[in-house]
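Here is the structure we will look at.
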Amino acid sequence: MDQNEFIQLFAEQFDETEPDEFTPETEFRSLEEWDSMVALMIIAMVDEEYNVKISGDDIRNSNTISDLMKVVESKK
Amino acid sequence: MAFLEIPNVRIKGMAATLPANRKDNLTDPLVQDGEKILKNTGIQYRHVASETLCASDLCEDAAKRVLQGLGWEPESVDCLVFVRQTPDYILPATAVLLQDRLGLPTTSYAIDLAMGCSGYVFGLSNIAALMQTGSFKRGLLLVGDTISRTCSPNDKSTYPLFGDAGTATALEFDETAANLKFSFGTDGAGKDAIIIPDGGSRNPFTVDSLKEETIEEGIVRSKLQLVLDGMDVFSFGISKGPKSVKELAEHFELDLEKVDNFIFHQANLFMNEKIRKKLKIEEDKVPYCLQKFGNTSCATIPLTMISERAEILKNAEQTHVACGFGVGLSWASVYFETSKLVVSEIGFIN
Numbered sequence: 031m032d033q034n035e036f037i038q039l040f041a042e043q044f045d046e047t048e049p050d051e052f053t054p055e056t057e058f059r060s061l062e063e064w065d066s067m068v069a070l071m072i073i074a075m076v077d078e079e080y081n082v083k084i085s086g087d088d089i090r091n092s093n094t095i096s097d098l099m100k101v102v103e104s105k106k
Numbered sequence: 009m010a011f012l013e014i015p016n017v018r019i020k021g022m023a024a025t026l027p028a029n030r031k032d033n034l035t036d037p038l039v040q041d042g043e044k045i046l047k048n049t050g051i052q053y054r055h056v057a058s059e060t061l062c063a064s065d066l067c068e069d070a071a072k073r074v075l076q077g078l079g080w081e082p083e084s085v086d087c088l089v090f091v092r093q094t095p096d097y098i099l100p101a102t103a104v105l106l107q108d109r110l111g112l113p114t115t116s117y118a119i120d121l122a123m124g125c126s127g128y129v130f131g132l133s134n135i136a137a138l139m140q141t142g143s144f145k146r147g148l149l150l151v152g153d154t155i156s157r158t159c160s161p162n163d164k165s166t167y168p169l170f171g172d173a174g175t176a177t178a179l180e181f182d183e184t185a186a187n188l189k190f191s192f193g194t195d196g197a198g199k200d201a202i203i204i205p206d207g208g209s210r211n212p213f214t215v216d217s218l219k220e221e222t223i224e225e226g227i228v229r230s231k232l233q234l235v236l237d238g239m240d241v242f243s244f245g246i247s248k249g250p251k252s253v254k255e256l257a258e259h260f261e262l263d264l265e266k267v268d269n270f271i272f273h274q275a276n277l278f279m280n281e282k283i284r285k286k287l288k289i290e291e292d293k294v295p296y297c298l299q300k301f302g303n304t305s306c307a308t309i310p311l312t313m314i315s316e317r318a319e320i321l322k323n324a325e326q327t328h329v330a331c332g333f334g335v336g337l338s339w340a341s342v343y344f345e346t347s348k349l350v351v352s353e354i355g356f357i358n
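Sequence lines, in order, name chains A and B.
Everything in the first sequence is counted per the working numbering, starting at 31 for the first residue and increasing by one.
Everything in the second sequence is counted per the working numbering, starting at 9 for the first residue and increasing by one.
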């Protein structure tokens, strides 16, 4: 899995947060724009782009984008 | 995936009844940011039952009107299946009460099915299976819930989404009817995604059941109220919804491009549109009544047909694929055909 591509796809689910704010270490659940709707967008993006089904717990248990990417990788 | 094909049963008529009391997410003081909810979920209005109005009352009204529309005497109905999550009592079964209230003969067959979002399709398979040999000539499939009464008014993850409705579908034994074609799936490992934890036999009601807990900001509820893990349900719905319809089409060699209507459980617009796009179905084949009625649990499929397709159901021959998915977890799809149904106007009662 390409990390830069994952981060770019992740960033695309946000309307207001600037794309350059997203790094592997970004604690995405602390972002001001983060809400349940963005979470659903992320689930849909992972489903569409990686054909992987992530759960609410997968999101709740991930602190950083890198954490979530590891979850997606492990389910591929 | 389980498949079933059932001959000899024809859908003859449909009716729906809603509580007259209507809430508007844009003006309801209990709803924060109603415009965002409308934009994301597609839900604005919800018809909400009072504390004295039960799902069985809504279904009773719908059933009476469908019988009247068809000119069927209650004595001519052989079987009744009531699909619900919100029965009148823990016991006896509400279907049995409905036999009496509707004036069906005491020789009739009546049973409850405790199913939610997938319940219309499961219920249709049950009543059709009962009727296919011709021992039962006429049947009533009553499907409805007062699910809003299970939601905490202080839970933003459920309160703005759910409305109440009761529906009636009348079926008749008919050897010329096109076969009903079903696919089903069940995954109890996902039970916690949509659940009312207390009040059954596993966690009996205690004083603690009434205690309100703050789960997170904007989500305060007791253990007698509905839990909905939006993320898990969404992840489940966008994967299982399309899969269920695809498996139905593959197994029965259906050409989905030739199907006139795709009636999905009305969960929320964002999820439903993901499902529609994954299946590459044109927008005008997928009706929605989410804005008018919200998510009405097991009643969404017949309610959407009545609300959005009444004229065409009354006047034309149509092919349909319906798909329900949710609580259980459980999912089911069906292919069926209709011809000149008797469809009553939506009724409202207090």
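For each residue, glycine too, the CB sits at the ideal point set by N, CA and C.
Here DSSP, grouped into helix, strand and coil, assigns B:Cys159 to coil. By the neighbour-count criterion, in which a residue is buried when 16 or more other Cβ atoms sit within 10 angstroms of its Cβ, B:Asn280 is buried.
The count of Cβ pairs closer than 8 Å, one atom from the segment 281-294 of chain B and one from the segment 338-346 of chain B, stays below three, leaving the stretches out of contact. Residue-level contact check: A:Asp97 does not touch chain B, since none of the beta carbons of chain B fall below 8 Å from its beta carbon. Sequence-distant partners of B:Asn29 (beyond 5 residues in either direction) whose C-beta falls short of 6 Å from its own C-beta, in its chain, are Val56.
Residue contact check for A:Leu39 against chain B: no CB pair falls below 8 Å. With a minimum length of 4 residues, the unbroken runs of alpha helix (DSSP H) contained wholly in the segment 260-303 of chain B fall at 277-286 and 298-301.
Listed in chain order, the beta strand (DSSP E) elements of length 3 or more contained wholly in the segment 74-142 of chain B are 87-91 and 117-121. The three-state secondary structure of B:Ser252, taken from DSSP, is helix. By the beta-carbon neighbour count (other beta carbons within 10 angstroms, threshold 16), B:Ala70 is buried.
The distance from the Cβ of B:Val91 to that of B:Ser352 is about 19 Å, inconsistent with a contact at the 8 Å cut-off. Under the three-state reduction of DSSP, A:Met75 is assigned to helix. In the three-state reduction of the DSSP assignment, B:Phe242 falls in the helix class, which pools H, G and I. According to the DSSP assignment, B:Ser338 belongs to the beta strand (DSSP E) that extends over Ser338 to Ser347. Close partners of B:Ser247 in chain A (Cβ separation under 7 Å): Asp77 and Lys83. Contact of B:Asn48 with chain A by beta-carbon distance below 7 Å involves Met67. A Cβ-Cβ separation of about 6 Å places B:Gly332 in contact with B:Tyr128 under the 8 Å criterion. Contact between B:Phe181 and B:Val17 is confirmed by a C-beta separation of about 6 Å, below the 8 Å threshold. For the pair of segments examined, the segment 112-120 of chain B was found to touch the segment 83-100 of chain B: the number of CB pairs separated by less than 8 Å reaches three.
Taking the Cα positions, B:Glu261 is about 27 Å away from B:Leu149. Contact annotation: A:Val102 and A:Val68 have beta-carbon atoms that are not nearer than 8 Å. Along the segment 228-245 of chain B, going in chain order, the ones with a CB nearer than 7 Å to a CB of chain A are Asp237, Gly238, Met239, Asp240, Phe242 and Ser243. Interface residue (Cβ-Cβ distance to chain A less than 8 Å): B:Lys282 is classified as such. Using a Cβ distance threshold of 8 Å, B:Met139 and B:Phe130 do not count as a contacting pair. Using a Cβ-Cβ cut-off of 7 Å, B:Phe278 is close to Leu70 of chain A, given in chain order. The straight-line gap separating the alpha-carbon atoms of A:Pro54 and B:Pro15 is approximately 57 Å. The continuous stretches of beta strand (DSSP E) do not include B:Ala318, which lies in the alpha helix (DSSP H) extending over residues Thr308 to Asn323. Spatial neighbours of B:Ser165 in its own chain (CB-CB distance under 7 Å, excluding positions within 5 residues in sequence) are listed in chain order as Ile227, Leu236 and Gly238. Looking at the DSSP output, A:Phe52 shares a beta bridge with no other residue. The segment 298-308 of chain B makes contact with the segment 169-179 of chain B: 3 or more CB pairs, one atom from each, lie closer than 8 Å. With distances taken between CA atoms, B:Lys231 lies nearest to B:Lys219 out of B:Thr177, B:Lys219, B:Ile289 and B:Glu13.
One Cα belongs to B:Gly21, the other to B:Lys322, and the distance between them is close to 9 Å. Cβ atoms of A:Phe52 and A:Ile37 come within 8 Å of each other, at about 5 Å.
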